[in-house]
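**Student:** One structure follows; several queries about it will come next.
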Amino acid sequence: MAFCRVHLSPVVFAVYLTIAVCGCASSGGKKTYTATERARMLVDIANAALMEGDAIGALQNLLRAEKEDPKLPEIYHSKALAYFAKHDLKTAISEVKKALKLFPEYPDANNTFGKFLIDQGNYEAAVKPLSLAAVNPLYRDAFKAYTNLGILYYRRGNYTQASVNLDKAIQAAPNSACIALYYRGHIRLRESRLNEAIASYDQATRKYCVSFVDAHLALGIAYEKTRQYAKAREKFLEIQQRYPNTETAEKAVSHLRYLP
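If you want it as structure tokens, here you go:
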């Protein structure tokens, strides 16, 4: 039998947590939860809040979780993501370091730490945590770490190493590695391998990547560069219709004006 994780809204999950923390009646009597179990529930509520864009609500629940079990590394990783959402990179890095101090091999935290270091421009330091996450055999999202390594090497101008890591990301998650496909398109474009660039950009707009607007724009521009003006026009119009009143739509309109 297959099992999947159900994502509940913070409000619904909070109700569930209240029942869980207070205990529930059963034939065996009232069920009680350990401090660590209560902390994990609060982390789940915080993560649900983050998914809905509520960083403040997430932090409120994470502070409660920290009081329950201050040695749970997931608390500090989620706090890092919350502070990052609040555009406080310095505090975000401080929190993710706490997670890694408790669990040095924590793959999500290593990937997040590496991503933060890239954002700081500290590329050299970012290689180690990203590499640890990428090669961890138990990390389901290893493609994210390989993608970040690819971006790192791309920004450093090492396009060979960038391609190696982006290809690993795509191989690991061909339907989800949207950003890896997008950057591979950039590299193929630099190499004047235009048809391959188009193929990568096109893949970056399909399956789970269908809403990746930057890839749609890049695909339209690649069509324009290869003088496939009908396809370029169709793509730019699609962007204008699907993403109105956005900066990307404005760029698409600008390209439309100059198509023959």
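For the sequence shown, my numbering gives the first residue as 16, with consecutive numbering after it. Where a beta carbon is used, it is the ideal one built from N, C-alpha and C, also for glycine. All values derive from a computational prediction rather than experimental measurement.
Report the CB separation of tyrosine 244 from tyrosine 216 in whole angstroms; it is logged as a contact under 8 Å.
**Tutor:** Along the sequence shown, one-based indexing puts residue 244 at 229. Along the sequence shown, one-based indexing puts residue 216 at 201. Actually they are not in contact, since the Cβ atoms of tyrosine 244 and tyrosine 216 sit about 17 Å apart, beyond 8 Å.
**Student:** Go ahead and pull the three-state DSSP assignment for tyrosine 174.
**Tutor:** Here residue 174 corresponds to residue number 159 of the sequence shown, with the count starting at 1. Reduced to three states, the DSSP call for tyrosine 174 is helix.
**Student:** Buried or exposed: which applies to glutamate 153, given that a residue is buried once 16 or more other Cβ atoms fall within 10 Å of its Cβ?
**Tutor:** On the sequence shown, position 138 is the one that residue 153 refers to. According to the sequence displayed, residue 153 carries leucine and not glutamate. With fewer than 16 other Cβ atoms within 10 Å, it is exposed.
**Student:** Among Tyr258, Ser93, Lys86, which has the Cα closest to the Cα of glutamine 75?
**Tutor:** Translated into positions along the sequence shown, residue 75 becomes position 60. Taking only the C-alpha atoms, the option nearest glutamine 75 is Ser93.
**Student:** Is it true that the CB of alanine 107 sits closer than 7 Å to the CB of leucine 115?
**Tutor:** The sequence position of residue 115 within the sequence shown is 100, counting from 1. The sequence position of residue 107 within the sequence shown is 92, counting from 1. Contact flag unset, no.
**Student:** Using only the alpha-carbon positions, how far apart do proline 122 and aspartate 156 sit?
**Tutor:** Translated into positions along the sequence shown, residue 122 becomes position 107. Translated into positions along the sequence shown, residue 156 becomes position 141. Their backbone Cα atoms lie some 9 Å apart in a straight line.
**Student:** To the nearest angstrom, how far is the alpha carbon of leucine 167 from that of lysine 46?
**Tutor:** Your numbering for residue 167 matches position 152 in the sequence shown. Your numbering for residue 46 matches position 31 in the sequence shown. Their Cα atoms are separated by approximately 49 Å.
**Student:** Are the CB atoms of leucine 274 and arginine 248 nearer to each other than 7 Å?
**Tutor:** For the purposes of this step, residue 274 is taken as the residue at position 259 of the sequence shown. For the purposes of this step, residue 248 is taken as the residue at position 233 of the sequence shown. Yes, they are a contact pair.
**Student:** I need the straight-line Cα distance from glutamate 81 to glutamate 139, nearest angstrom please.
**Tutor:** Counting from one through the sequence shown, the residue named residue 81 turns up at place 66. Counting from one through the sequence shown, the residue named residue 139 turns up at place 124. Using only the alpha carbons, I get a separation of about 32 Å.
**Student:** Quick check on this structure: which residue in Glu110, Ser269, Leu78 has the alpha carbon closest to the alpha carbon of phenylalanine 131?
**Tutor:** The count along the sequence shown starts at 1 and reaches residue 131 at position 116. Answer by Cα proximity: Glu110.
**Student:** Can you tell me whether histidine 92 is helix, strand or coil according to DSSP?
**Tutor:** Counting from one through the sequence shown, the residue named residue 92 turns up at place 77. Correct three-state label for histidine 92: helix.
**Student:** Could you spell out where the alpha helix (DSSP H) holding tyrosine 244 opens and where it closes?
**Tutor:** Here residue 244 refers to the residue found at position 229 when the sequence shown is read from its first residue. 244-257 is the extent of the alpha helix (DSSP H) around tyrosine 244.
**Student:** Between phenylalanine 158 and alanine 187, which are expected to be in contact by the criterion C-beta below 8 Å, what is the C-beta distance as a whole number of angstroms?
**Tutor:** Counting from one through the sequence shown, the residue named residue 158 turns up at place 143. Counting from one through the sequence shown, the residue named residue 187 turns up at place 172. Indeed, because the Cβ distance is near 4 Å, the residues count as touching under 8 Å.
**Student:** Looking at the unbroken alpha helix (DSSP H) that takes in aspartate 229, where does it start and where does it end?
**Tutor:** The count along the sequence shown starts at 1 and reaches residue 229 at position 214. Element bounds for aspartate 229: 228-240.
**Student:** Using C-beta distances below 6 Å, list every residue in its chain close to lysine 246, excluding the 5 sequence neighbours before and after it, in chain order.
**Tutor:** Here residue 246 is taken as the residue at index 231 of the sequence shown, counted from 1. Closer than 6 Å at the Cβ level, and outside the excluded window around lysine 246, lie Tyr238.
**Student:** How is asparagine 62 classed by DSSP in three states: helix, strand or coil?
**Tutor:** As a first step, residue 62 must be located in the sequence shown, where it is residue number 47. Asparagine 62 falls in the helix class under three-state DSSP.
**Student:** Excluding five sequence neighbours on each side, which residues of the same chain lie with their C-beta closer than 8 Å to the C-beta of valine 150?
**Tutor:** Stepping through the sequence shown from its first residue, residue 150 is reached at position 135. The answer, listed in chain order, is Ala157.
**Student:** The alpha helix (DSSP H) spanning asparagine 126 covers which residue range?
**Tutor:** Position 111 of the sequence shown, counted from the first residue, corresponds to residue 126. Its alpha helix (DSSP H) spans residues 122-135.
**Student:** Would you kindly work out how many angstroms separate the C-alpha atoms of cysteine 39 and glutamate 52, rounded to a whole number?
**Tutor:** Sequence index remark: in the sequence shown, residue 39 carries index 24 (1-based). Sequence index remark: in the sequence shown, residue 52 carries index 37 (1-based). At cysteine 39, the pLDDT of 48 sits below 50, so the modelled position is not reliable and the matter cannot be decided from this model.
**Student:** Can you tell me which of the three DSSP states aspartate 156 falls into?
**Tutor:** To locate residue 156, count along the sequence shown from 1; it is residue 141. Coil.
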